[in-house]
């Protein structure tokens, strides 16, 4: 495999806040700006470092909100100006990835783009690179390609991709068509999926020629496509960009790329999948974070550079963003998140309910800590 | 009952830190300087307010450490200078109460003193006053008298007093001799005590003529008595007091008044008891604090004037000393204590283990938060 891949451009949508990780993750410090693995750097930086060998550092575009521009440029000091694509407000993944495609295809008509979330955790560099390289070859053959994660357990936390018939693409021995997408299953169904190796986790990774991706958007949502094309036409003109963004961006439909691209393409036999054999997690909530940082069953995981934790007969996770001494005694599967202005105490089993707290804080006028 | 009682002097030993209430209670903010009931004032002030009608405000002495002088005078702005008895270092209850007795008897030979801890919680003013009035009458008759709390449940958290034969003392219809003291029992024993109404909780309240109390100390610990007498002789002489304290106080035995006065007096048939029918708690740990502030089974109690707590499906207690938002989700019998520099998360069942944390913090060089 030649590195970097010459016609490949990486795109990192860095949008979501990660409400279920409040009070760690919040509007001014979203999930992708945190170190959630104890690696010493943010998930965004981890993502950049993972993609740079594949695309080259000068070929990674980040799509993010205006509010996060400074943080993104601080994390990624080598990012080129032209590769920072700023949204005036969040409009979901179809608009974010579609805009990147529309901008890049004008600069480079044959470009293949690969979109990878800024806030996922991946371990296993070589298997990741092998999957991307295969996906690029499949994309070069005209397919839209996703990478589906080979499950390591019967998870009910992710959507699934059902692998269909194999594809015969040079350089992509594992390529197959996507038969269909499946929503998060119940545990029994997840167990049958896990036993049947043809079900993969949907990790939201998409690799395609930019023009193919845009054609798929056009076929399924012409208004969104038209807006993206018009916006892209003004993008590289300093005077025209601002007014175009202000006028067009707020009118674009808020919709996930799954519905505008992936699912319709799968129905038409135009969506391929490469199985990813690397460790992957979207760190969707604190239960996931606890597992990811677990030091073993019945142990207490600790996340935070300056954490001063004194634990006795406890398991779960403590996330410390302060210098306070934290003492945890006799609590199991606990989740303690200690930040300067907000504290969360819950258990892994209730991790999904954190989003409800965020909603309640908004409703009760305590949005200052969101 | 005549109020105030003319020959009565209240003594409040304000010493203990309350390690099992860390990080709320600590060296520079011991338990008696906290509002643990949501009354809006400290336990020390509650104690003062409870005693003032019985003794008069000018007849309440507080025995406390030099470090707490300013805080005590802030809480009790009406306290007379001569009623602030400062220890150069903590030397336990026999020395503290004995010193107060030795000082007061010189000023007023027939004085009856009543010693009441600064950090207990009592509800029921009239029954408390009735018990004290009876105890003073018993003391006037030459007995040392304690007030034992009529149990409201089979508690294993307190020591017990076995009531013996009734005493015939005018004005004290409930007076009896103390048969013996019993250490904290196991649950089965506590149940038999609770069923047998002659077992009372030892609340550490002692009422006696000062000279009788001192004679008991002299009989059982002549060295301690001699030191106290020498110290008291120098006390009201501004020039002599300081050197006497520095010389004598550190030599006095550290011992509880139970061993030097109460138990020996009980053996000799010189200790009486009045049953107290008021609500009493020594707030020994967070389980006790949670119960005291409980808003009902399965509810979360919240303590702290500026608490911003968002609770969902949780029970136990949150103590907030900060302005942080605290969210508690799906945890039962939880104890969360949030202070500026330390955070505790445990459960009621583990409340007794908090003292172990305090010891561990000392050992590991984190005494800054004690």
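Protein chains in written order, with the numbering used here: chain A, 486 to 855; chain B, 486 to 855.
Every residue gets a Cβ at the ideal spot worked out from N, C-alpha and C, and that includes glycine.
Against chain A, the CB of residue 504 of chain B has no partner CB under 8 Å away; the residue lies outside that interface. The beta carbon of residue 787 of chain A sits no closer than 8 Å to any beta carbon of chain B. Residue-level contact by beta carbon holds for residue 854 of chain B and chain A, with a gap shorter than 8 Å. The Cβ of residue 846 of chain A sits closer than 8 Å to at least one Cβ of chain B. Nearest Cα to residue 756 of chain A within the set A/543, A/833, A/620: A/620.
The beta-bridge partner set that DSSP reports for residue 498 of chain A consists of A/548.
Chain B places a beta carbon closer than 8 Å to that of residue 832 of chain A, counting this residue as a contact. Burial of residue 789 of chain A is indicated by the presence of at least 16 other C-beta atoms within 10 angstroms of its C-beta. Against chain A, the beta carbon of residue 841 of chain B has neighbours under 9 Å at 797, 814, listed in chain order. Between residue 838 of chain B and chain A, the shortest Cβ-Cβ separation is below 8 Å.
Against chain A, the CB of residue 534 of chain B has no partner CB under 8 Å away; the residue lies outside that interface. The beta carbon of residue 561 of chain B sits no closer than 8 Å to any beta carbon of chain A.
No Cβ-Cβ contact shorter than 8 Å links residue 800 of chain B with residue 815 of chain B.
Nearest CB-CB separation between residue 819 of chain B and chain A: below the 8 Å threshold. The criterion of a C-beta distance shorter than 8 Å is satisfied by residue 745 of chain B and residue 709 of chain B. Taking CB atoms only, residue 829 of chain A has a neighbour in chain B less than 8 Å away. With a cut-off of 8 Å on Cβ pairs, the region 637-649 of chain B is not in contact with the region 563-574 of chain B, counting fewer than three such pairs. Secondary structure note for residue 648 of chain B: its beta strand (DSSP E) is the uninterrupted segment 645-651.
Taking C-beta atoms as the reference points, residue 557 of chain B and residue 499 of chain B count as a pair closer than 8 Å. Scanning chain B for C-beta atoms nearer than 7 Å to the C-beta of residue 811 of chain A yields 828, reported in chain order. Assignment of residue 608 of chain A by DSSP, reduced to helix, strand and coil, places it in the strand class.
When secondary structure is reduced to three states using DSSP, residue 622 of chain A falls in the helix class. In this structure, residue 584 of chain B sits near residue 713 of chain B, with a CB-CB distance shorter than 8 Å. Positions of the alpha helix (DSSP H) runs, each at least 4 residues long and wholly inside the region 556-594 of chain A, are given as 577-592 in order along the chain. For residue 787 of chain A, the uninterrupted beta strand (DSSP E) segment begins and ends at 785-788. For the 8 Å CB-CB criterion, residue 617 of chain B and residue 528 of chain B do not form a contact.
Here residue 666 of chain A is bridged, per DSSP, to A/646. Under the DSSP assignment, residue 729 of chain A falls outside any beta strand (DSSP E), being part of the alpha helix (DSSP H) whose first and last residues are 723-733. No residue range can be given for residue 507 of chain B, since it is assigned to no beta strand (DSSP E) and is classified by DSSP as neither H nor E. Secondary structure of residue 778 of chain A (DSSP, three-state): coil.
Between residue 791 of chain A and residue 805 of chain A, the C-beta gap is smaller than 8 Å, which places the two residues in contact. With the criterion set as a beta carbon lying under 8 Å from some beta carbon of chain B, the region 636-668 of chain A has no members that meet it.
C-alpha of residue 837 of chain A to C-alpha of residue 671 of chain A: approximately 15 Å in a straight line. The region 726-740 of chain A and the region 659-667 of chain A do not touch, with fewer than three beta-carbon pairs separated by less than 8 Å. Around residue 851 of chain A, the beta-carbon contacts reaching into chain B at under 9 Å are 793, 795, 810. The beta-carbon of residue 835 of chain B is placed less than 8 Å from the nearest beta-carbon of chain A.
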